Amino acid sequence: MKDLILEHVAKRFGDKTVLRDVNLVFPPDSVNCVMGPSGCGKTTLMRIIAGLAEPDSGTVTGRPEKISFVFQEDRLCEDFSAAANIRLVTGRSVTDGEIEKCLVSLGLDGSAHRPVRELSGGMKRRVAIARALCFRPDLLILDEAFKGLDEERKQLTMERILAEKKGRIIICVTHDPAEAEYMGGKLILLDKPEQRELGGSAERIIT
Amino acid sequence: MAVGIEILLVSPWTVAVRLFHLIFERDFWPTVFFSILRISAGFFLGLLLGTLLAVLSGRSSLMETLLWPYVTGIKSVPVASFIIISLIWLKNSQLAVFISFLMVFPVIYSNVLQGIKSTDPALLEMASLYRVPWKRKLFYIYIPAIRPYLLSASSVSLGMSWKAGIAAEVIGVVRGSIGEKLYDAKIYFLTSDLFAWTVMIVLISVVFEKTILFLLRRIFKRMENR
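Heads up: the protein sequence lines correspond to chains A and B, in order. For reference, each letter of the first sequence is one residue, going 0 to 206 in numbering that gives the first Met the number 0. For reference, each letter of the second sequence is one residue, going 0 to 225 in numbering that gives the first Met the number 0.
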C-alpha cells in the first residue's frame, strides 16, 4: 500500500474558503487524528480524502481501493438487522461468525439479528463502526465516530479499532482531546485563519 | 308499468335474498371467477410493469422522459375512450385485462418512481463509497424506500382496477363476465340483480384488496427478516 498524499488541496463553498493549501501525507499503518473548531473544514477534508467530494484545486494521490467511512450520522438501513447492515457492504466476503464476533467485540452481544430501529443511539453508532471494520478497509475514516458513546463503550470501541490498525491508514476526526490522545499517532490541527496558537507537537494546518 | 316490482330502488332484504339465490345458480361462480381472473391479471400486469419501468426510470432520466407522454396520456384519456378503442383492437375476453392494466399502471409507476426519488441520498452515498452492487442496493435501500408508496398505490389502484374492469365488461358485453350480468340486469329491468351483483363486486373487491395488501406486506416482512 502506498502513502496517501494531499497536495495543495483547496475547497470553497461560494465565498467561503473552507480549505486552503492543505498538504498532508498519510503513510500505511498510521493513526491520524484531526482536530479543529467547528466549521474549519474537517468533514470536507475527510470527504475529499474518501473521494466523496472533489477539491477545487490540488490533488489527492494514493487513495486506496477499499475505504470505510463512519459518518457523523449512522447511515444504517433502519428496517434491517445489524448483521444485514454489515452484509450490505461486505456481501459474502465475511462469514456470519465473523460478523457476530465483530459485533460482540464492540459490546453488541445478541444484537446481530435485531432490527436497527430497535437499537439505542449508542448501539447504532457501534453497528456503523462494526460495518466499517467488517469491510476490511485499507483506509478507515472516523468522523466523530464516538459521539454519543459512554466512556466505557468509547474506550472499548477505540481499543477495537486500534487492534485493526495494521496495514491500514486510520484517520479519526474528533473534538475531544482525550480521544485524540487515546488514539495516539499523528495529530493534525485544522484551524480557521484567525486562530494562530500552536499546541503540542501537532502538525498544524491553517485553512 | 308493472305494479309491485321494485325497479327504482330495491330493499336490502330483496338484495340479500336475490344474492342468496344467485350464489346457487350454476353459472354464478364461473362468472365470478371469469372476472376475477381477468381483472387480477390486469392488476398484476400493471403492478409488475409499473414497478419495473419506474425502477428503470429511476436509474435513467432519459427513460423517464421517454415514458412521460405515455404515462400522462394514460392518466388523462377517459377510460370510456380506451374501452371503445380496445373493443376494436382486442378480443372481448381480453378487454378487462387491458383496461384494468391501464388503470393500475400509471398509479403504480408514478408512486414507485416517487419512492425511488425520495430514497435517502445519505444512504446512497454510503452505498457508493462501499461500492455496493446495484442488486444489493435495490434490496436494502430502494425497496424499503418504495414500500409505503407501493402499498398505498396498490390500495388505490386495486379498487380502480375493479371499477374500470367491470365497466369495460359492461360496455363490451363480455360473455360470461360479471359485466354481462349487469348489462342483462339493465336490459330486463332486474334491479334486484343489479344490486345483488354490485354487492358481490364490492365484496370481491374488498377481499381482493385485503389479500393483495396482506401478501405484499408479508413479502416485505420476509425481505427484512432475511
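The beta carbon of each residue, even a glycine, is placed where N, CA and C say it ideally should be. A quick note: this is a predicted structure, and the numbers were derived from the prediction, not measured.
Provide the residue span of the beta strand (DSSP E) that contains residue i, from first to last.
i: E6(A); result: L3 to F12
i: L139(A); result: L138 to D142
i: I32(A); result: It should be noted that the sequence gives Cys, not Ile, for residue 32(A). Start and end: S29 to M34.
i: G57(A); result: S56 to T60
i: V17(A); result: K15 to F25
i: K185(A); result: K185 to D190
i: I169(A); result: I168 to V172
Distance check for residue j and residue i, CA to CA, integer angstroms please.
i: E193(A); j: G147(A); result: A caution first: E193(A) carries a pLDDT of 44, below 50, which makes its placement in the model too unreliable to give a value.
i: Y129(B); j: V70(B); result: 35 Å
i: L94(B); j: I142(B); result: 32 Å
i: C76(A); j: E63(B); result: 27 Å
i: V9(B); j: I203(B); result: 21 Å
i: L181(B); j: R74(A); result: 55 Å
i: S37(A); j: V103(B); result: 51 Å
i: L197(A); j: V33(A); result: Low local confidence applies: a pLDDT of 39 at L197(A) is under 50, so the model's placement there is unreliable, with the coordinate-based value given in what follows. Those two C-alpha atoms are separated by around 14 Å.
i: D149(A); j: L36(B); result: 60 Å
i: R19(A); j: F25(A); result: 18 Å
i: I48(A); j: S109(B); result: 38 Å
i: G175(B); j: L21(B); result: 14 Å
i: I4(A); j: I66(A); result: 15 Å
i: G199(A); j: H174(A); result: Any reading at G199(A) needs caution, since the residue's pLDDT is 38, under 50, leaving its predicted position unreliable; the model's value is listed next. Those two C-alpha atoms are separated by around 16 Å.
i: K164(A); j: M182(A); result: 11 Å
i: W28(B); j: A126(B); result: 51 Å
i: R216(B); j: E117(A); result: 20 Å
i: S151(B); j: V30(A); result: 50 Å
i: A184(B); j: A121(B); result: 58 Å
i: T206(A); j: P63(A); result: Because the pLDDT at T206(A) is just 49, under 50, the model does not fix this residue reliably, and the point stays unresolved.
i: L214(B); j: V106(B); result: 19 Å
i: T16(A); j: L101(B); result: 54 Å
i: A195(B); j: Y139(B); result: 46 Å
i: R135(A); j: L87(A); result: 14 Å
i: S160(B); j: I98(B); result: 8 Å
i: L189(A); j: D142(A); result: 14 Å
i: G135(B); j: I82(B); result: Per the sequence shown, the amino acid found at residue 135(B) is Arg instead of Gly. Distance between the alpha carbons of R135(B) and I82(B): 41 Å.
i: I186(B); j: L44(B); result: 33 Å
i: V201(B); j: E179(B); result: 16 Å
i: R125(A); j: K100(A); result: 13 Å
i: G41(B); j: Y148(B); result: 20 Å
i: D137(A); j: V205(B); result: 56 Å
i: D55(A); j: V96(B); result: 56 Å
i: F145(A); j: E208(B); result: 47 Å
Taking Cβ-Cβ distances shorter than 9 Å, what residues in chain A pair up with residue i?
i: I140(B); result: C76 and L87
i: P143(B); result: C76, E77, D78 and F79
i: R135(B); result: R86, L87, V88 and G90
i: E24(B); result: None at all; the shortest Cβ gap to chain A is about 48 Å.
i: E208(B); result: Here the premise fails: no neighbours, minimum Cβ distance about 24 Å.
Name the chain A residues whose beta carbon is nearer than 7 Å to that of residue i?
i: V131(B); result: L87 and V88
What span of residues does the alpha helix (DSSP H) with residue i cover, start to end?
i: G96(A); result: D95 to S104
i: K65(A); result: That residue, K65(A), is in no alpha helix (DSSP H); it is neither H nor E in DSSP.
i: V133(A); result: Note on residue identity: the sequence assigns Cys, not Val, to residue 133(A). It spans G120 to C133 - the alpha helix (DSSP H) in which C133(A) sits, taken as one unbroken run.
i: L148(A); result: No alpha helix (DSSP H) holds L148(A); DSSP gives it neither H nor E.
i: V209(A); result: Nothing can be reported for residue 209(A): it is not among the residues displayed for chain A, which extend from 0 to 206.
i: R113(A); result: No alpha helix (DSSP H) contains R113(A), which DSSP labels as neither H nor E.
i: L44(A); result: K41 to A49
i: E163(A); result: That residue, E163(A), is in no alpha helix (DSSP H); it is neither H nor E in DSSP.
i: E53(A); result: Unbroken run through E53(A): none, as it is neither H nor E.
i: M182(A); result: P176 to M182
What residues from chain B crowd round residue i, counting only those whose CB sits closer than 9 Å?
i: L51(A); result: E124, S127 and L128
Which chain A residues sit within Cβ distance under 8 Å of residue i?
i: E168(B); result: Within chain A, no residue comes near E168(B); the closest Cβ sits about 40 Å away, beyond 8 Å.
i: E227(B); result: The structure shown does not extend to residue 227(B), since chain B is modelled only from 0 to 225, so the question has no answer here.
**Request:** Anything in the segment 169 to 191 of chain A with a Cβ closer than 9 Å to a Cβ of chain B? List those residues in chain order, please.
**Result:** Going along the segment 169 to 191 of chain A in chain order, one finds no residue with a Cβ nearer than 9 Å to chain B.
**Under 9 Å (Cβ pairs) to chain A, residues found in the segment 110 to 129 of chain B** = If the cut-off is 9 Å between Cβ atoms, the segment 110 to 129 of chain B has D119, A121, L122, E124, M125, A126, S127, L128 and Y129 near chain A.
**Request:** Ignoring anything shorter than 4 residues or poking outside the segment 8 to 35 of chain B, list the alpha helix (DSSP H) runs there in chain order.
**Result:** 11 to 22, all fully within the segment 8 to 35 of chain B.
**Complete runs of the alpha helix (DSSP H) confined to the segment 129 to 205 of chain B [at least 4 residues]** = Residue ranges of uninterrupted alpha helix (DSSP H) with 4 or more members, entirely inside the segment 129 to 205 of chain B and ordered along the chain, are 133 to 136, 142 to 171 and 177 to 186.
**Message:** Along the segment 146 to 163 of chain B, where does the CB come closer than 8 Å to a CB of chain A? Name the residues.
**Reply:** Under the 8 Å Cβ criterion, the segment 146 to 163 of chain B contributes no residue.
**Asked** Got a sec: which bits of the segment 55 to 74 of chain A sit with their beta carbon under 8 Å from any beta carbon on chain B, in order along the chain?
**Response** Taking 8 Å as the Cβ-Cβ cut-off against chain B, the residues of the segment 55 to 74 of chain A that qualify are I66, S67, F68, F70, E72 and R74.
**Contact residues within the segment 117 to 138 of chain A, judged by C-beta distance below 7 Å to chain B** = Listed by position, the residues of the segment 117 to 138 of chain A near chain B (Cβ gap below 7 Å) are F134.
**Contact set between the segment 179 to 196 of chain B and chain A, restricted to residues whose Cβ is under 7 Å from the partner** = Within the segment 179 to 196 of chain B, no residue qualifies.
**Asked** What are the uninterrupted segments assigned as alpha helix (DSSP H) that are 4 or more residues long and contained completely in the segment 72 to 100 of chain B, given in chain order?
**Response** As far as the segment 72 to 100 of chain B is concerned, its whole alpha helix (DSSP H) runs of at least 4 residues are 78 to 88.
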